[in-house]
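Trainee: Here the working numbering runs 1035 ahead of the position in the sequence shown, where the first position is 1. Beta carbons are placed, not taken as given, at the ideal position from N, Cα and C, and that holds for glycine.
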Amino acid sequence: MSPPYATVIGLEVHVQLATQSKLFCRCSTRFGAEPNTQTCPVCIGMPGALPVMNRRAYELALKTAVALNCRIPPLTKWDRKQYYYPDLPKGYQISQYDLPMSSDGYLEISDPKDRFPPKRIGIIRAHLEEDAGKSIHDEAAGKADSEIDLNRAGTPLLEIVSEPDLRSSAEAKAFLQELRLLLTYIGVSDCNMQEGSLRVDANVNLHIETDGRQVATPIVEIKNLNSFRAVERALDYEAQRQYRQWQQTGQKLGDAPKQTRGWDDAAGLTRGQRSKEESSDYRYFPDPDLAPVTTTPEQVAAARASLGELPAALRSRLISELGLSAYDADVLVNQGRPLVDYYLAVADQCGDAKAACNWVTQDVLRAMKDGGLSIESFPLSAPRLAGLISAIRRGDLPGPRSREAFEVMLASSRDVESAIAELGIEKVDESALVELCRELLAANPRIVADIEAGKMQALGALIGQAKKRNPNVDPNRVREICLELAKGGG
Ligand SMILES: [Zn+2]
């Protein structure tokens, strides 16, 4: 049963752009270095140090904005967002306030499991800003003090803000998965959540129908969402919590301010935090040290031309040109472009797109998972897998023994002919197969009687016996021949 309310969700995603150096200085952005070894007067905010924009970060942001179908204004500028926090020694973060570098875009999401229809999720804006440092709370070591690591201060982030168009945790998760896929396809971020390259905050409230009118619960911003699973769980929890609270307090919603709550993954609940600042609290003002940035139509066109084939277009092509199901196309595309390229090479060389898809999405993916392999390091090349599929189609390799051949080829990186020889697989001559079936029918009159009585499952015993006599027989062919012979007056 659907709940008696609509869950209204908007997401704010911070993506670390894949640059070598920071947004306004030349310090490295490499993850995992010793604390405070990747800093300079600019990113720790020494008086008089002047920032210079990293052109590469701007190009990556532009590429992302174009891929998200955003409007790109000809002029954008930098603003100081002022607040005090120990990990922000400058006392302000350089961000973009009233003239973001892009706005009014969208991303389309769909669900291969059909839990919701395909829909377009609006993007309010995507803007550039610099990251703050990181506080390290060493409570585990029994110390009460905290330390600050400024290596991350000044790292380029793209903040992507969605419209509140999402209506369930499943839609929110699908949006994040599609966004991550898009960002990795166009190569603007590694989207590694463990390293903080992709961070998510969620805004959620409920629209409740009551006494013929609609009321809305106060919007809650949920922080500390460290995985897509956490996003899903936190949203489900928060929707239920808000509904319970509304039931308890009745109609007295009033104009409660927006709240901030933190997700506790271990406890599986959200807890109240300080209330959310209004943007006026930040006293934004234009950064006097940085010139506005202009973007020409030629630059936008160049960014668009550099995108390559996006995941949605690739799915459509696999469905329309190769005849794959929406589900199969989704499985392939979600694995990333290198796997799709491997698949396309196999399909092209063996001439059977569906068989190639089955082998890649089942056997290849399983072998990759078991061996902890990437497709780039996968020992069975696309031409060799195509050779295996072709051998099955020619009848040189019986279907039931093809997995053995796959394993041999994988383990010793051989071609299919050599694997067939190694396994002693021989092609079964059609007349010999008919003779074998004739003998089996003659030796099993009871089974023949069962088949004649319409008990088709009796055929299984004959196929079993045939395989025992010759492991190379094709069970489907044995079934067909036995049926024909039994019908033909057996
Ligand atoms: Zn620096």
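1. In this structure, how does DSSP classify Ser1341 when only helix, strand and coil are distinguished?
2. Might you give, ordered along the chain, the residues of its own chain that have their beta carbon closer than 6 angstroms to the beta carbon of Ser1453, omitting 5 neighbours on each side?
3. Using C-beta distances below 8 angstroms, list every residue in its chain close to Gly1523, excluding the 5 sequence neighbours before and after it, in chain order.
4. Should Ile1171 go down as buried or exposed, given a rule of 16 or more other Cβ atoms within 10 Å for buried?
5. Can you give me the C-alpha to C-alpha distance between Pro1253 and Cys1392, rounded to a whole angstrom?
6. Ordered along the chain, which non-local residues of its own chain (more than five positions away) have a Cβ less than 6 angstroms from that of Gly1525?
7. Please state whether the Cβ-Cβ distance between Leu1445 and Ala1402 is less than 8 angstroms.
8. With distances taken from each beta carbon to the nearest heavy atom of ligand 1, which residues come in below 5 angstroms, in chain order?
9. In whole angstroms, give me the CA-to-CA distance for Pro1135 and Ile1158.
10. In chain order, what residues of the same chain lie with their CB nearer than 6 angstroms to the CB of Asn1507, ignoring the 5 residues before and after it?
11. Could you pull the start and end residues of the alpha helix (DSSP H) that Trp1113 belongs to?
12. So, with DSSP's three-state summary, where would you put Tyr1040?
13. With the cut-off set at 8 angstroms, would you say Glu1213 and Leu1304 are in Cβ contact?
14. Classify Phe1320 as helix, strand or coil using the three-state DSSP reduction.
15. Quick check on Ala1161: does DSSP put it in helix, strand or coil?
16. Going by DSSP, what residues sit across from Asp1183 in a beta bridge?
17. Quick one: complete beta strand (DSSP E) runs, 3+ long, within the stretch 1419–1443?
18. Rounded to a whole number of angstroms, what is the C-alpha to C-alpha distance between Leu1379 and Ala1388?
19. Quick one: Cα of Leu1415 to Cα of Ala1364, how far?
20. In the DSSP output, which residue or residues are listed as bridge partners for Thr1245?
21. Within the same chain, show all residues whose beta-carbon is closer than 7 angstroms to that of Tyr1040, passing over the 5 residues directly before and after it, in chain order.
22. Assuming the contact rule is C-beta atoms closer than 8 angstroms, Gln1117 and Glu1164 should be a hit. Round their C-beta distance to whole Å, please.
23. Relative to the C-alpha of Leu1345, which candidate in Val1513, Cys1075 and Ala1102 has its C-alpha closest?
24. Compute the Euclidean distance between the alpha carbons of Pro1121 and Ile1183, then round it to the nearest angstrom.
25. Below 7 angstroms CB to CB, which residues in the same chain sit around Leu1349 once its five sequence neighbours on both sides are set aside?
26. DSSP on Pro1191, reduced to helix/strand/coil?
27. Should His1162 and Ser1197 be called a contact, given that it needs their Cβ atoms to be closer than 8 angstroms?
28. Whole alpha helix (DSSP H) runs in the stretch 1356–1391 with 4 or more residues, listed along the chain?
Mentor: The short version:
1. Position 306 of the sequence shown, counting from 1, holds the residue named residue 1341. In this structure, Ser1341 counts as coil in the three-state DSSP scheme.
2. The sequence position of residue 1453 within the sequence shown is 418, counting from 1. Contacts found: none.
3. Against the sequence shown, residue 1523 aligns to sequence position 488. For Gly1523, where only same-chain residues beyond five positions count, there are no Cβ hits under 8 angstroms.
4. For the purposes of this step, residue 1171 is taken as residue 136 along the sequence shown, with counting starting at 1. Exposed is the call here.
5. Residue 1253 sits at position 218 when you count from the first residue of the sequence shown. Residue 1392 sits at position 357 when you count from the first residue of the sequence shown. Cα to Cα, Pro1253 sits roughly 48 angstroms from Cys1392.
6. Within the sequence shown, residue 1525 is the residue found at index 490, counting from 1. Caution applies to Gly1525, whose pLDDT of 44 falls short of 50 and renders its modelled position unreliable; the model cannot decide the point.
7. For the purposes of this step, residue 1445 is identified with residue 410 of the sequence shown, where counting begins at 1. For the purposes of this step, residue 1402 is identified with residue 367 of the sequence shown, where counting begins at 1. Contact: yes.
8. Cys1060, Cys1062, Cys1075, Val1077 and Cys1078
9. Against the sequence shown, residue 1135 aligns to sequence position 100. Against the sequence shown, residue 1158 aligns to sequence position 123. Near 12 angstroms, if we compare the C-alpha coordinates of Ile1158 and Pro1135.
10. For the purposes of this step, residue 1507 is identified with residue 472 of the sequence shown, where counting begins at 1. For Asn1507, where only same-chain residues beyond five positions count, the Cβ hits under 6 angstroms are Pro1433, Ile1460, Glu1461 and Val1463.
11. Within the sequence shown, numbered from 1, the residue matching residue 1113 stands at position 78. No alpha helix (DSSP H) holds Trp1113; DSSP gives it neither H nor E.
12. Within the sequence shown, the letter at position 5 stands for residue 1040. Of the three classes helix, strand and coil, the one that applies to Tyr1040 here is strand, per DSSP.
13. Position 178 of the sequence shown, counted from the start, is the residue given in the question as residue 1213. Position 269 of the sequence shown, counted from the start, is the residue given in the question as residue 1304. No, the Cβ-Cβ distance between Glu1213 and Leu1304 is not below 8 angstroms.
14. Residue mapping note: residue 1320 aligns to position 285 of the sequence shown, counting from 1. Here Phe1320 sits in strand by DSSP.
15. For this step, residue 1161 is matched to residue 126 along the sequence shown. The answer is strand: DSSP assigns Ala1161 an E or B state.
16. Along the sequence shown, one-based indexing puts residue 1183 at 148. In the sequence under discussion, the amino acid at residue 1183 is Ile, which differs from the Asp named in the question. Bridge partners of Ile1183: Ser1170.
17. none
18. For the purposes of this step, residue 1379 is taken as residue 344 along the sequence shown, with counting starting at 1. For the purposes of this step, residue 1388 is taken as residue 353 along the sequence shown, with counting starting at 1. Rounded to whole angstroms, Leu1379 to Ala1388 spans 8 angstroms at the Cα level.
19. As a first step, residue 1415 is located in the sequence shown; it is residue number 380 there, counting from the start. As a first step, residue 1364 is located in the sequence shown; it is residue number 329 there, counting from the start. Using only the alpha carbons, I get a separation of about 22 angstroms.
20. The residue labelled residue 1245 in the question sits at position 210 within the sequence shown. Answer is Arg1248, bridged to Thr1245.
21. Against the sequence shown, residue 1040 aligns to sequence position 5. Within the same chain, Tyr1040 has close Cβ partners Leu1241, His1242, Ile1243 and Tyr1278.
22. In the sequence shown, residue 1117 corresponds to position 82, counting from 1. In the sequence shown, residue 1164 corresponds to position 129, counting from 1. About 13 angstroms separates the two Cβ atoms, so there is no contact after all.
23. Taking the first residue of the sequence shown as position 1, residue 1345 is located at position 310. The shortest C-alpha separation from Leu1345 is found at Ala1102.
24. Counted from its first residue, the sequence shown places residue 1121 at position 86. Counted from its first residue, the sequence shown places residue 1183 at position 148. If you take the alpha carbons of Pro1121 and Ile1183, they lie about 7 angstroms apart.
25. Residue mapping note: residue 1349 aligns to position 314 of the sequence shown, counting from 1. Contacts found: Val1368 and Val1375.
26. Numbered from its first residue, the sequence shown carries residue 1191 at position 156. In the structure shown, Pro1191 sits in a strand (DSSP, three-state: E or B).
27. In the sequence shown, counting from the first residue as 1, residue 1162 sits at position 127. In the sequence shown, counting from the first residue as 1, residue 1197 sits at position 162. No, these two residues do not count as a Cβ contact at 8 angstroms.
28. 1361–1369 and 1372–1385
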